[in-house]
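Sequence lines, in order, name chains A and B.
Residue numbers for the first sequence follow the numbering used here, so the first one is 45 and each next one is one higher.
Residue numbers for the second sequence follow the numbering used here, so the first one is 45 and each next one is one higher.
Note that the Cβ used here is the ideal one computed from N, Cα and C, for glycine as well.
Please read all numbers here as calculations on a predicted model, not as lab measurements.
Okay, so here's the structure we're looking at.
There are 2 protein chains.
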Amino acid sequence: MIPCPALQVRGVTPTVSMREVKEALMANAAPSDPTRPSRLDRRKARTRQALIDAAVELIAAGRGDRASIQEITEAADIGFGSFYNHFQSKDELFATASAEVLERWGQMIDRACGEVFDPAEVFAVSFRISGRLGWTHPGMARFITGSGLGLLDARTGLAPRALRDIRAGQKAGCFAALDADVALCAVAGGLIGLLRLCQDHPERMHEHVVDQLAEAILRLLGVPAGEAARLATLPIPEQGRW
Amino acid sequence: MIPCPALQVRGVTPTVSMREVKEALMANAAPSDPTRPSRLDRRKARTRQALIDAAVELIAAGRGDRASIQEITEAADIGFGSFYNHFQSKDELFATASAEVLERWGQMIDRACGEVFDPAEVFAVSFRISGRLGWTHPGMARFITGSGLGLLDARTGLAPRALRDIRAGQKAGCFAALDADVALCAVAGGLIGLLRLCQDHPERMHEHVVDQLAEAILRLLGVPAGEAARLATLPIPEQGRW
Numbered sequence: 045m046i047p048c049p050a051l052q053v054r055g056v057t058p059t060v061s062m063r064e065v066k067e068a069l070m071a072n073a074a075p076s077d078p079t080r081p082s083r084l085d086r087r088k089a090r091t092r093q094a095l096i097d098a099a100v101e102l103i104a105a106g107r108g109d110r111a112s113i114q115e116i117t118e119a120a121d122i123g124f125g126s127f128y129n130h131f132q133s134k135d136e137l138f139a140t141a142s143a144e145v146l147e148r149w150g151q152m153i154d155r156a157c158g159e160v161f162d163p164a165e166v167f168a169v170s171f172r173i174s175g176r177l178g179w180t181h182p183g184m185a186r187f188i189t190g191s192g193l194g195l196l197d198a199r200t201g202l203a204p205r206a207l208r209d210i211r212a213g214q215k216a217g218c219f220a221a222l223d224a225d226v227a228l229c230a231v232a233g234g235l236i237g238l239l240r241l242c243q244d245h246p247e248r249m250h251e252h253v254v255d256q257l258a259e260a261i262l263r264l265l266g267v268p269a270g271e272a273a274r275l276a277t278l279p280i281p282e283q284g285r286w
Numbered sequence: 045m046i047p048c049p050a051l052q053v054r055g056v057t058p059t060v061s062m063r064e065v066k067e068a069l070m071a072n073a074a075p076s077d078p079t080r081p082s083r084l085d086r087r088k089a090r091t092r093q094a095l096i097d098a099a100v101e102l103i104a105a106g107r108g109d110r111a112s113i114q115e116i117t118e119a120a121d122i123g124f125g126s127f128y129n130h131f132q133s134k135d136e137l138f139a140t141a142s143a144e145v146l147e148r149w150g151q152m153i154d155r156a157c158g159e160v161f162d163p164a165e166v167f168a169v170s171f172r173i174s175g176r177l178g179w180t181h182p183g184m185a186r187f188i189t190g191s192g193l194g195l196l197d198a199r200t201g202l203a204p205r206a207l208r209d210i211r212a213g214q215k216a217g218c219f220a221a222l223d224a225d226v227a228l229c230a231v232a233g234g235l236i237g238l239l240r241l242c243q244d245h246p247e248r249m250h251e252h253v254v255d256q257l258a259e260a261i262l263r264l265l266g267v268p269a270g271e272a273a274r275l276a277t278l279p280i281p282e283q284g285r286w
């Protein structure tokens, strides 16, 4: 690795390998399409993504706040020094990784609820899809159980959407008056319990366990028991559609 | 500090201060009442308790799994080396500290429910008292929010009691069939949400917020809405009785 002031000025990286220098020069020498990311840009994006993926795995393993930068760069298979080319601190990386997973999860739910308008039904579909993550998206499920209720501290992603849905349901008179933040904690606790069960005792986990809890959560929110039972057994969009 | 083989053989402590040696000799020289703990025993018990209290504070601050032994002994105001006279590892100390707080909490609930026999009412009283910890026992409340759902991993204390109560309610037909572990996660999530609200926004916290969530949790467990509302507004035993 050599210091490379020319690249440093361009804000690329303070220390780069000869290979990176060559790639940068080649990318600059032959800009076949200026709107297309250069090979260096793509390489940087891959390294950044490797760090984010490593952070997601560490959060999933419940080590989100204990892993060292050394451990993170080893898991991402990149040099220790490269870390600071992409993130200023461990906290920044973990916040970025959380935001990315939560956003992916939120978008999945938005797609599944695309044609649903009743707030209680939106909530039911969201919860029933999230409860199925244990087998539809095991990596995301491990991320959720590894995060625990710390999940709700995120300002982007699912917590704000869930709060918005609870408040919309209360405004529409579908849900009882209940402190929305507190209700959300109970909902998140139930979801984490489901996903843990799926990890620790997969033999006890079936779709109807998820739907039973969805029904119970709807009752908690104030949906009458009969209506909660109906909403929790409606067909949900097929997995390919979310 | 000097190594003291005589005391080591007796399993007292591998390194002791001169003061401890003197106290031990005095305690042995004049055993006025052999059933009464000697001054050394009392001193050891105090040091042990100081370590447990420090661990409880660190868990409450959300640092239960990150604090170093150095940090723990500094918080307990004892010498670093004394740690290993009382606990073999940090994990052992934290497990002991958790068990102690959970047991205290469990006994408080048992006292409050002494004259209640209906399983749904037992659950209601337990939850309503626990939700009031934010102002009746702020230290215990901080311990609960600091532990998060990790609280449920404890084999002693409240989690097994709560599971027992949920199963008793299901057996008696008061509660719906629902995976009890999953239901417990939702209950714990709701309780943690309440106690966090009390810490972060004390101005939003009132007894009726606790009772509203107790009512919602009873509905979640399958208690009919009208009965849940009744149980959540019954008088609860006065604080002096638990």
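Is residue i close to chain B, meaning its C-beta is less than 7 Å from at least one C-beta of that chain?
{"i": "D209 (chain A)", "result": "no"}
{"i": "C229 (chain A)", "result": "yes"}
{"i": "I236 (chain A)", "result": "yes"}
{"i": "R263 (chain A)", "result": "yes"}
{"i": "G175 (chain A)", "result": "no"}
{"i": "A156 (chain A)", "result": "no"}
{"i": "A260 (chain A)", "result": "yes"}
{"i": "E271 (chain A)", "result": "no"}
Does residue i come within less than 7 Å of chain A when only Cβ atoms are used?
{"i": "Q256 (chain B)", "result": "yes"}
{"i": "F167 (chain B)", "result": "no"}
{"i": "A105 (chain B)", "result": "no"}
Residue i touches chain B at which residues, Cβ-Cβ below 8 Å?
{"i": "A99 (chain A)", "result": "Within chain B, no residue comes near A99 (chain A); the closest Cβ sits about 17 Å away, beyond 8 Å."}
{"i": "A94 (chain A)", "result": "By Cβ distance, chain B contributes nothing, its closest Cβ being about 26 Å from A94 (chain A), past 8 Å."}
According to DSSP, is residue i part of a helix, a strand, or is it coil?
{"i": "R80 (chain B)", "result": "coil"}
{"i": "W286 (chain A)", "result": "coil"}
{"i": "Q132 (chain A)", "result": "coil"}
{"i": "V60 (chain B)", "result": "Residue confidence is low: V60 (chain B) scores 44 on pLDDT, short of 50, so the model does not pin down where it sits. Its coordinate-derived value is still stated next. Note: V60 (chain B) maps to strand in three-state DSSP."}
{"i": "L28 (chain B)", "result": "No answer is possible for residue 28 (chain B): the residues shown for chain B start at 45 and end at 286."}
{"i": "V267 (chain B)", "result": "coil"}
{"i": "A111 (chain A)", "result": "coil"}
{"i": "L278 (chain B)", "result": "coil"}
{"i": "I122 (chain A)", "result": "coil"}
{"i": "C157 (chain A)", "result": "coil"}
{"i": "A68 (chain B)", "result": "Unreliable positioning characterises A68 (chain B) in this predicted model, as indicated by a pLDDT of 45, which lies under 50. A coordinate reading is not provided."}
{"i": "M152 (chain B)", "result": "helix"}
{"i": "A139 (chain B)", "result": "helix"}
{"i": "G106 (chain B)", "result": "coil"}
{"i": "H181 (chain B)", "result": "coil"}
{"i": "R176 (chain B)", "result": "coil"}
{"i": "H341 (chain B)", "result": "Look at the range of chain B in this structure, 45 to 286, and you will see that residue 341 (chain B) is not part of it."}
{"i": "D85 (chain B)", "result": "helix"}
{"i": "D162 (chain A)", "result": "coil"}
{"i": "P75 (chain A)", "result": "At P75 (chain A) the pLDDT is 49, less than 50, meaning the model places this residue with poor confidence and gives no usable figure here."}
{"i": "A99 (chain B)", "result": "helix"}
{"i": "G217 (chain B)", "result": "coil"}
{"i": "A272 (chain A)", "result": "helix"}
What residues of chain B sit near residue i, judged by a beta carbon separation below 9 Å?
{"i": "V253 (chain A)", "result": "L222, D223, V226"}
{"i": "L241 (chain A)", "result": "D223, D225, V226, C229"}
For residue i, return the contacting residues in chain A, with the cut-off set at a CB-CB distance below 8 Å.
{"i": "R110 (chain B)", "result": "D109, R110"}
Taking Cβ-Cβ distances shorter than 9 Å, what residues in chain A pair up with residue i?
{"i": "R248 (chain B)", "result": "D223, D225"}
Please list, in chain order, the chain A residues whose beta carbon lies closer than 7 Å to that of residue i.
{"i": "A232 (chain B)", "result": "G233"}
{"i": "L193 (chain B)", "result": "G192, L193, G233, I236"}
Does the structure place the stretch 179-190 of chain A close enough to the stretch 215-227 of chain A that three or more beta carbon pairs sit under 8 Å? Not touching, per the Cβ criterion.
Is there contact here, the stretch 87-99 of chain A with the stretch 127-147 of chain A, by at least three beta-carbon pairs under 8 Å? Verdict: yes, contact present.
Across the stretch 260-267 of chain A and the stretch 203-220 of chain A, are there enough close Cβ pairs to call them in contact, namely three or more that are closer than 8 Å? With the cut-off at 8 Å, the stretch 260-267 of chain A and the stretch 203-220 of chain A touch.
Taking one C-beta from the stretch 231-238 of chain B and one from the stretch 193-207 of chain B each time, how about it: are there three or more such pairs within less than 8 Å? Enough Cβ pairs lie closer than 8 Å, so yes.
Given 8 Å, three or more beta-carbon pairs between the stretch 132-147 of chain B and the stretch 169-178 of chain B: When Cβ pairs closer than 8 Å are counted between the two stretches, the stretch 132-147 of chain B is seen not to touch the stretch 169-178 of chain B, the count staying below three.
Would you check if there are 3 or more beta carbon pairs closer than 8 Å linking the stretch 270-278 of chain A to the stretch 150-169 of chain A? Result yes; three or more Cβ-Cβ pairs closer than 8 Å.
Evaluate contact between the stretch 186-198 of chain A and the stretch 95-111 of chain A, counting only Cβ atoms and requiring at least three cross-stretch pairs below 8 Å. Below 8 Å, enough C-beta pairs join the stretch 186-198 of chain A and the stretch 95-111 of chain A to call them touching: three or more.
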